Each structure stands twice: as C-alpha cells, then as structure tokens.
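For reference, the structure discussed in these notes is given below.
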Amino acid sequence: WPDPPPASAPRPAARPRRRARGRPPGPMPKYIGHVSNWNFPRPGKKNSEGYGFVKADGDRSGDGPGDLFLYADSIKDSKLRSEAKIFGLKNGTRISFDIEEPASSRRSRLAINVIPESGGGGGAGGRGRP
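Residues in the sequence shown are numbered from 4 upward in steps of one, following the working numbering.
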C-alpha cells in the first residue's frame with residue numbers, strides 16, 4: 004500500500020453537489036421561453052395529445068429561433084406533461100428546452116426536452132378538483 008500523503012498536501016476537491024430543484028442530470032437545455040398558444044386535441048380522437056407553440060426569449064424580428072412547435076409528449080418533466088395533456092398549458096408558462104431541426108423544410112422546428120423553468124411543475128392553476 005502506498006504511504007498516506009503528508010498532512011500539508013492539498014486535499015482533493017469535494018464532489019460537486021447534485022442540482023437543486025429536481026432538474027434531471029445532464030446538459031442544461033439551451034433555450035428559455037414561454038408557451039404562446041396551446042391547442043387541445045379534437046374530442047373523440049384516440050391517442051391524440053395536445054400541442055402548442057413556444058416563443059424563445061430574445062426572439063425579436065428574426066434574430067432568434069422563432070415560433071417552435073411543441074407536442075405534449077416532448078415534455079420531459081412528468082408533472083408538466085400530465086398537466087399539458089389534462090388541462091393544457093397556460094399561455095406564458097415559462098419553460099427551458101432544446102430545439103430539434105425539422106426533417107423537411109415544410110415543417111416547423113420542434114421544442115424538445117422541455118422542463119419547467121421554475122423547476123416545479125407549474126401547477127394546474129386551480130383548474131383541478133376543489
């Protein structure tokens with residue numbers, strides 16, 4: 004066994020702490036923005052989920068990513084995803100996300116890996132059971 008280091012030797016750096024606020028580990032999403040419009044699925048459609056549009060912060064007259072399409076299934080946070088599918092997302096809901104380029108030029112770019120910006124699920128806004 005090797006000899007222990009002398010008392011004057013620098014101690015190894017402490018292990019970094021895990022992120023607070025329940026954010027998943029991994030790279031942070033690149034963009035922050037808000038929900039600008041949310042559409043519910045048509046009644047009677049099986050396996051149909053809600054969708055909406057996202058506007059990235061700092062997007063003014065073409066210098067940002069523009070309006071992005073958001074499917075409820077692209078929401079990574081389970082609480083926010085359930086809220087989107089059941090109640091819909093309120094306009095102005097703050098989110099963090101990555102952007103996926105479309106497969107063809109006729110489609111919009113997609114917001115993916117969506118998580119709530121505040122770290123919480125956003126809540127149902129009092130629209131649930133009393």
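C-beta: ideal position from N, C-alpha, C; glycine also. A quick note: this is a predicted structure, and the numbers were derived from the prediction, not measured.
Item to check | Beta-carbon proximity check, S111 vs P105, cutoff 8 Å | outcome: Against a cut-off of 8 Å, the Cβ pair of P105 and S111 comes out as a contact.
Checklist entry - Since F72 sits in a beta bridge, which residues does DSSP pair it with? => result Beta-bridge pairing links F72 to F56, L113.
Next on the checklist: Measuring only the C-alpha atoms, how far is K93 from Y54?
Outcome noted: In a straight line, the C-alpha of K93 is about 12 Å away from that of Y54.
Item to check | Among I89, I102, L113, nearest to Y74 - alpha-carbon criterion | outcome: Looking at the Cα atoms, L113 is the closest of the given residues.
Checklist entry - When you compare each of F72, F43, R84, E103 to P119 by their alpha carbons, which one comes out closest? => result Nearest neighbour of P119 by Cα position, chosen from F72, F43, R84, E103, turns out to be R84.
Checklist entry - What are the residues that DSSP puts in a beta bridge with N42? => result BP columns for N42 point to Y54.
Checklist entry - Within this structure, are the beta carbons of S77 and V117 separated by less than 8 Å? => result In contact: S77 and V117 (Cβ atoms closer than 8 Å).
Item to check | Expected contact under 8 Å - CB spacing of R97 and H37 to nearest Å | outcome: That pair is a contact at about 5 Å.
Next on the checklist: Could you compute how far the alpha carbon of G208 sits from the alpha carbon of S39?
Outcome noted: The structure shown has nothing for residue 208, since the chain only spans 4 to 133.
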